[in-house]
Every structure is written in structure tokens, then in C-alpha cells.
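There are 2 protein chains.
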Amino acid sequence: MHIGIDLGGTNIDTGLVSEEGVISSRKSMPTRAERGSAEVIKDLLRLIEMLLESNSIQSIGVGVPGTVIRDQGIVNFACNINFHNVRLVHELNQQFDYPVYLDNDANCAALGEAVCGAAENYDTSLMVTIGTGIGGGIVINKRIYRGFNGAAGEIGHMVIETNGLDCACGRKGCFEKYASTSALVWEAKRKLKNQADSFLREMTSDNIDKINGEMIFSAAKQGDKFSLSLIDRYTDYFAEGLANLINIFEPEIIVIGGAVSRQGEYLINPLKEKVHQKVYSKTLPKTNIVAAVLGSDSGIIGASQLWRG
Amino acid sequence: MHIGIDLGGTNIDTGLVSEEGVISSRKSMPTRAERGSAEVIKDLLRLIEMLLESNSIQSIGVGVPGTVIRDQGIVNFACNINFHNVRLVHELNQQFDYPVYLDNDANCAALGEAVCGAAENYDTSLMVTIGTGIGGGIVINKRIYRGFNGAAGEIGHMVIETNGLDCACGRKGCFEKYASTSALVWEAKRKLKNQADSFLREMTSDNIDKINGEMIFSAAKQGDKFSLSLIDRYTDYFAEGLANLINIFEPEIIVIGGAVSRQGEYLINPLKEKVHQKVYSKTLPKTNIVAAVLGSDSGIIGASQLWRG
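So the sequence lines, in the order shown, correspond to chains A and B.
Position 137 of the first sequence, counting from 1, maps to 137 under my numbering, and the rest follow consecutively.
Add 309 to a position in the second sequence, counting from 1, and you land on the number used in my numbering.
Now the structure itself:
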């Protein structure tokens, strides 16, 4: 058995996970990151302690929402949990004599889906997590590909529109400014400003700040033309980025994660069609595109599999 | 010793190459692809025969300018040499009882630079070959990364300008429409149409169809403002694409090949500076960017190293 830890901005979720990725026991606590890393780590140690009771484990894996220096076991920068240069592996090893593995949460999710999720039967996979931004995780032969400095997979910061929308990374026109859920919502609000009558205005009782991605999909499914055209534009950009990634990397499968993936075939089918029209190698076997299956468990499960390398 | 073959549109270049990548003997013939693949293969067999005289070899490697089905030893499609579904490995094995390895020329060049060229001391490298288009070759731990269908590395067909310039691949705004040598020349001609006086017009005796990449760099080095601004714009786009590739893939080094790489530091230094301003991970170790060193030998040398996998 392995312990998997999803150290997130809201909760610390931990679980006892088999080699095959099945969670047999869970323990969680709110993170309350404002307390500082020392207090958070105390809670983390307590949770591990609880999971260890009468269980023999082989490893502890931790996923964090930020950058890590893996070979030194350090959380370099993770603003959502308020960790800056924290020697997390060292802290855990002070109390527990198990191998501890650390990685960022996007890589953990990708590994989880690759080992025991949607990409289980594929050698090379790319996980694309859609949310406020777009995260990526590259898995080659069931191992995370991290690049020489551990920072590979920042696919959200691939420019697809030179001199396009400003991105927090300092560039203009990044993929995530067009294909994240936030981008979809932002575009909806922008266009609604000049539109008095609309289904989305009705849905939010005229408070368009309440619009979220799910509402737009729901309105589209009910035939709302405005939402349908928003989603059509959204999947155009989404497909542009995915076709780029396929041309560069040719993974056997792309797994789409994040809340938007719950739209399932309603999102995936048109997206797949657009991508396959755009890819360079039209006569060769095609990259499969599917929705993630592990949902919010992907963090725990993925972290528990970090011992694989 | 290994035999390396660069089966190009103009010449068939072959060489006897050591395990370390040193060419000890060469044989070449013009390809004359219009004769059809059977005749070209006859010449190829003759060249190998000549290299074999009194030499014991371990393998034969062949690079071709097109797509291959590697595990079947088939050249799938290579229009420059007029090969369509040619069972090249089978043809060579009919006459020679050595292991024969086949790959496309961009991958061979990348492997050559990785094994005994500019990326010799690096584990992960990306070779970017600039010419009419932009070719790519990804090398991870001294092995070519090919993707599940053998078609990875088509970095020239990464869209960096959604709805931008038309590309032959069917998309709009591909990297190679902005950062290939052809793109630089195309932009020069386009702008010169509305400009009667110019240094480049003088250089070509007012025949702007004669303009090539080298001339533009030469004019810029002599202080021609028009050429300087062309190159400034060119390296902006070039850097945009390279920063994307670094964010996705984080290779330890990027090797720039093709004729433009002969500009050396005059091209590389400003390019590097722009790239490093754009990459996402500004505090982590940076990807090195250098010019290729094997020049036109990279095809033979790279092909001779295909036995490495």
C-alpha cells in the first residue's frame, strides 16, 4: 500500500491506495493555508499518522499546486497553500521512515489517469486540465516526463495568438486565455455587456457575474444560440491548441480533466472532430481524446503512484 | 563501423561512420528521383557495396525526407525523392545481411547533433531545422522520441497566430509561416513591393526575386535599417515558437539547424534573449540555445547512429 496526498489550497486530502490505484481509506482536513506551512505540515503529519495505524506502507507521495525541486524534496513556490521553499520531504522524513515522493498536482493527475484511469491502456498520454488556467502533464511509458528542470508541461502558456490577450505569465495570446473555463466565461460576460436580452441573463437573474462554465453548457444544450456560438468558438481555440500538442508530441491519448470534462461527449465529440481536421498527419493513426475518469480522486491516486518514477 | 545514408532530393550521400560519429569514407551520387524508386535503390545498393569493400560494419541507417513506417521499414511518403510506400529496408536486406534502420531526415539530424554534435553533453534536446519549412526532432536520453505513430516533432505546424497566414498543411498561422527562411524572404519581398529605394534592391540589381535569407542578414550586418527591422520581427516570431516549445517540453538544449544557423551568434544571441524573456519558468535553469555544428554531415552521421534506437 502507498499513501497519496493531495495538498490543495482548500483541503489536505489523503488516502491509502493500492498499487493498482484503489483507495481503501481516506482522511481529510481543511488546509487553512493562512496559518503558514509549519502548521499545515503538522496537520499533514497527523493525517499520515492516522492512515498508518495498523497498515504497512511502501511509500508516501505528495502532490502540491505549484513548482517543486524534486530531487531536493522542496516545494519551491505554491501560492495557494502559502508554501515558499519548504523542505517538505525532509519534514515528513523527520517523522516517517518511508520513501517520500513530491511532485506538482498536474503531474500527479496525469500519472493517476495513466496508471489506473482513462489512459490506463496507453503508453504515452497527455493530460490537459481545464480550469482557471490550463495545466498539462506528459506521461511517457507510465512515467512523468518533467523536462530537465522539472517544469515541462506548461501547455497553458503556449501562445496560439501572437500579440493576443494579455496573460499573467507576461506573454500575450496564451492557450489558456482562450480555452480555459475562465476564458469561456470571460468571453460570455464580455459579449453579454452589449446584449440586453439573453438566456444567460435570465438564468442569472440579470447578474452576469454569476455566470459559470456549466451554465453556458446548460444553456447551449437547451438550444440557446448565443451559448452555442460561444462554445463553438471555444472549441475552435481548444482544438487549435490540442492539434499543436499532437503535431509536436503525438501522444497516443489526450485526457481532458477539470470541471468542463464532466460535459463528456457533448464537449469531446465536436472537439475531437475539429482536432482531427487540423492535425498534420491525417493518414496516420489518430490520437484518441477522452474525458478524465478519476475526477477529484486523481490527486490522491496520482500522488500514491509517484514511486513509479 | 556503421553506414549512414542521407537519401535526399538532390543527392544520395553515404558514409562509413564510427560509433563516435566520425566519417572515415564517403560515397555520393545524384538522386535523380524522376527515375523512380527502383532505379534510385539500385544506385543506393551500389554505393553501399563500395563502402563495404574491406570494411566490417554493424548496421546501415537511412534517413529520408518524408514519413516512414519504421517497424515495417517502409518509406510511406517522400515526394522529394519520389518514394511512395517503398519497402526500403526489405530491398536493402535482399542484398545485405545487416540490420537496417530507417527514419526521417529531421530525426536523423537531431540524433546526430545529440550523439556527437552540439547537444553531445545534454540528455534531452530539441533540434529545430530552419529552411523552406521548419522541421523538428526530439531526443530524450539520446533516443529519438517519435510519438505513438512515428510522426512527432512536426513543430513547424504549431499554430502561433490563429487565423494567420495560410499553410500548406491546411491550417492558418503555423510557426513555419513566420520563422522559416522562406517566411523571412517572403516578408522582405512583400514589403519591398511598396518601397522603391532599398539596399536589398541594390544588392539584387532591382530583381527582388533573387533575395535570399543570407542577403537579408548580410544587409542587416551592414546597417540596413529595413533588413534590421525584418530580422527583429523574424526573431520575435522565432522566439515565440521556441518559448512555446520550452514551456511544453523543457529540453536542456535547443539546436538550431539549417542555413540560417550559419549566422551563429548574430542570430542566436538576440533570439536567446527574447526567448528567455518569454518562457514561463524564469527562475529555473534555462534551456540553452545553440547553432548546429554538424552542418550537411548531420544526415549521414545521424543515420549512422539509428542503431541506438
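Glycine is no exception: its CB is placed at the ideal position from the N, C-alpha and C atoms.
* Let me know the secondary structure DSSP gives Val279 (chain A) once reduced to three states. => Looking up residue 279 (chain A) in the first sequence gives position 279. Note: Val279 (chain A) maps to coil in three-state DSSP.
* **Partners in chain B for His157 (chain A), counting only beta-carbon separations shorter than 7 angstroms** => Here residue 157 (chain A) is taken as the residue at index 157 of the first sequence, counted from 1. Proximity of chain B to His157 (chain A) at the Cβ level (cut-off 7 angstroms) is accounted for by Asn556 and Tyr589, in chain order.
- Task: Report the rounded CA-to-CA distance for Asn194 (chain A) versus Pro270 (chain A), giving the unit in angstroms.
- Result: Residue numbering aside, residue 194 (chain A) sits at position 194 when the first sequence is read from its first letter. Residue numbering aside, residue 270 (chain A) sits at position 270 when the first sequence is read from its first letter. Spanning the alpha carbons of Asn194 (chain A) and Pro270 (chain A) requires a straight line of approximately 28 angstroms.
- State yes or no: is the beta carbon of Phe148 (chain A) nearer than 9 angstroms to at least one beta carbon in chain B? By 1-based counting over the first sequence, the position of residue 148 (chain A) is 148. With 9 angstroms as the cut-off, Phe148 (chain A) counts as an interface residue toward chain B.
*Residue(s) in a DSSP beta bridge with Gly330 (chain B)*: Along the second sequence, read from residue 1 onward, the residue named residue 330 (chain B) stands at position 21. Note: Gly330 (chain B) is not bridge-paired with any residue in the DSSP secondary-structure output.
Just the C-alpha distance for Thr31 (chain A) and Asn11 (chain A), rounded to the nearest angstrom, thanks. Taking the first residue of the first sequence as position 1, residue 31 (chain A) is located at position 31. Taking the first residue of the first sequence as position 1, residue 11 (chain A) is located at position 11. Spanning the two alpha carbons is a distance of roughly 5 angstroms.
Length of the line joining the Cα atoms of Asp322 (chain B) and Arg335 (chain B)
As a first step, residue 322 (chain B) must be located in the second sequence, where it is residue number 13. As a first step, residue 335 (chain B) must be located in the second sequence, where it is residue number 26. Roughly 7 angstroms separates the two Cα atoms.
What residues from chain B crowd round Pro251 (chain A), counting only those whose CB sits closer than 8 angstroms? Within the first sequence, the letter at position 251 stands for residue 251 (chain A). From the beta-carbon of Pro251 (chain A), the residues of chain B found nearer than 8 angstroms are Gly456 and Phe457.
Cβ of Tyr122 (chain A) within 9 angstroms of any chain B Cβ | Walking along the first sequence from the start, residue 122 (chain A) turns up at place 122. Yes, because at least one Cβ of chain B sits closer than 9 angstroms to the Cβ of Tyr122 (chain A).
Checklist entry - Can you tell me where the beta strand (DSSP E) with Asp103 (chain A) in it begins and where it stops? => result Sequence index remark: in the first sequence, residue 103 (chain A) carries index 103 (1-based). Boundaries of the beta strand (DSSP E) around Asp103 (chain A): Val100 to Asn104.
Is Pro594 (chain B) near the ligand PLP, in the sense that its beta carbon is under 8 angstroms from a heavy atom of that ligand?
In the structure shown, the ligand PLP is absent, as is every other ligand, since no ligand is present at all.
### Query
How about Glu463 (chain B): is its C-beta nearer than 9 angstroms to some C-beta of chain A?
Numbered from its first residue, the second sequence carries residue 463 (chain B) at position 154. So yes, Glu463 (chain B) belongs to the interface.
Self-check item: Nearest to Leu411 (chain B) (by Cα), restricted to the options B:Val494, B:Asn472, B:Leu316 and B:Ser365
Solution: As a working note, residue 411 (chain B) is residue 102 in the second sequence. When only C-alpha atoms are compared, the closest one is B:Leu316.
Three-state secondary structure (DSSP) of Ala38 (chain A): Taking the first sequence and counting its residues from 1, the one referred to as residue 38 (chain A) is at position 38. When DSSP states are grouped into helix, strand and coil, Ala38 (chain A) belongs to the helix group.
For Ser18 (chain A), count the other beta carbons within 10 Å of its own beta carbon; 16 or more makes it buried, fewer makes it exposed. Which is it? Position 18 of the first sequence holds residue 18 (chain A). Exposed, by the Cβ-count rule.
- Query: Just curious, the beta strand (DSSP E) that Ala291 (chain A) is in, first and last residue?
  - Reply: As a first step, residue 291 (chain A) is located in the first sequence; it is residue number 291 there, counting from the start. Looking at the DSSP string, the run of the beta strand (DSSP E) that includes Ala291 (chain A) is Asn288 to Ala291.
Check: Candidates A:Ser205, A:Phe238 and A:Leu44: which alpha carbon is nearest Gly63 (chain A)'s?
Finding: Position 63 of the first sequence, counted from the start, is the residue given in the question as residue 63 (chain A). Closest option to Gly63 (chain A), Cα to Cα, is A:Leu44.
> Rounded C-beta distance between Tyr266 (chain A) and Ala179 (chain A)? I'm assuming under 8 angstroms.
Replying inline: Taking the first residue of the first sequence as 1, we reach residue 266 (chain A) at position 266. Taking the first residue of the first sequence as 1, we reach residue 179 (chain A) at position 179. 16 angstroms between Cβ atoms; not a contact.
**OP:** Name the two residues that bound the continuous beta strand (DSSP E) containing Arg379 (chain B).
**Re:** Taking the first residue of the second sequence as 1, we reach residue 379 (chain B) at position 70. Where Arg379 (chain B) is concerned, there is no enclosing beta strand (DSSP E), given that its DSSP letter is neither H nor E.
Anything in chain A within Cβ reach of Leu420 (chain B), meaning under 8 angstroms, just list it in chain order. Translated into the one-based positions of the second sequence, residue 420 (chain B) becomes position 111. When 8 angstroms is used as the limit between beta carbons, Leu420 (chain B) is near no residue of chain A, the shortest such separation being about 17 angstroms.
Exercise. Glu343 (chain B) touches chain A at which residues, Cβ-Cβ below 8 angstroms?
Worked result: As a working mapping, residue 343 (chain B) is identified with position 34 in the second sequence. Those do not exist, as Glu343 (chain B) stays about 24 angstroms from chain A at its closest Cβ, beyond 8 angstroms.
- Item | Contact set between Pro594 (chain B) and chain A, taken where Cβ atoms lie within less than 8 angstroms | Position 285 of the second sequence, counted from the first residue, corresponds to residue 594 (chain B). Within chain A, the residues near Pro594 (chain B) are Phe148 and Asn149.
- Excluding sequence positions up to five away, which residues of its chain have a Cβ less than 6 angstroms from the Cβ of Ser491 (chain B)? Position 182 of the second sequence holds residue 491 (chain B). Cβ neighbours of Ser491 (chain B) beyond the five flanking positions: Thr441.
If we cut at 9 angstroms on Cβ distances, does Arg171 (chain A) have a partner in chain D? Note that chain D does not occur in the displayed structure, where the protein chains are A and B.
**Study point:** Those residues which DSSP pairs with Asp145 (chain A) across a bridge
**Key:** Mapped onto the first sequence, residue 145 (chain A) falls at position 145. Note that residue 145 (chain A) is Tyr in the sequence shown, not Asp. Under DSSP, Tyr145 (chain A) forms a beta bridge with A:Ile138.
Next on the checklist: I'd like to know whether the C-beta of Asn244 (chain A) is nearer than 9 angstroms to at least one C-beta of chain B.
Outcome noted: By one-based count along the first sequence, residue 244 (chain A) stands at place 244. Yes, because at least one Cβ of chain B sits closer than 9 angstroms to the Cβ of Asn244 (chain A).
Quiz prompt | Meets three-Cβ-pair contact criterion under 8 angstroms: the region 132 to 147 of chain A and the region 558 to 567 of chain B | solution = Counting C-beta pairs closer than 8 angstroms gives three or more between the region 132 to 147 of chain A and the region 558 to 567 of chain B, which meets the contact rule.
Check your understanding: For chain A, is any of its Cβ atoms less than 9 angstroms away from the one on Tyr543 (chain B)?
Key -> Working through the second sequence from its first residue, we reach residue 543 (chain B) at position 234. Judged by the 9 angstroms Cβ criterion, Tyr543 (chain B) is not in contact with chain A.
request  = Assign Pro65 (chain A) to one of two classes, buried (16 or more other C-beta atoms within 10 Å of its C-beta) or exposed (fewer than that).
outcome  = Position 65 of the first sequence holds residue 65 (chain A). That one is buried.
**Assumed close pair Gly608 (chain B), Cys417 (chain B) - CB separation to whole angstroms, cut-off 8 angstroms** = Numbered from its first residue, the second sequence carries residue 608 (chain B) at position 299. Numbered from its first residue, the second sequence carries residue 417 (chain B) at position 108. Sure, about 6 angstroms apart at Cβ, within 8 angstroms.
Asn11 (chain A) by DSSP, collapsed to three states: which one? Residue 11 (chain A) sits at position 11 when you count from the first residue of the first sequence. It is a strand residue.
field: Coil, strand or helix - Ala78 (chain A) by DSSP
entry: Taking the first sequence and counting its residues from 1, the one referred to as residue 78 (chain A) is at position 78. Three-state result, Ala78 (chain A): strand.
Quiz prompt | C-beta atoms of Ala342 (chain B) and Phe392 (chain B) nearer than 9 angstroms | solution = By one-based count along the second sequence, residue 342 (chain B) stands at place 33. By one-based count along the second sequence, residue 392 (chain B) stands at place 83. The criterion of a C-beta distance shorter than 9 angstroms is satisfied by Ala342 (chain B) and Phe392 (chain B).
Could you pull out every residue in the same chain whose Cβ sits closer than 7 angstroms to the Cβ of Asn247 (chain A), ignoring the five residues on either side in sequence?
-> One-based indexing of the first sequence puts residue 247 (chain A) at position 247. If we look at Asn247 (chain A) and ignore the five residues flanking it on each side, its Cβ neighbours are Val279 and Tyr280.
Using a Cβ-Cβ distance under 9 angstroms, would Thr438 (chain B) count as near chain A?
The residue given as residue 438 (chain B) occupies position 129 in the second sequence. Proximity of Thr438 (chain B) to chain A, defined by a Cβ-Cβ separation below 9 angstroms, is not satisfied.
How many angstroms separate the CA atom of Gly473 (chain B) from the CA atom of Gly164 (chain A)?
For the purposes of this step, residue 473 (chain B) is identified with residue 164 of the second sequence, where counting begins at 1. For the purposes of this step, residue 164 (chain A) is identified with residue 164 of the first sequence, where counting begins at 1. The straight-line gap from Cα to Cα measures roughly 12 angstroms.
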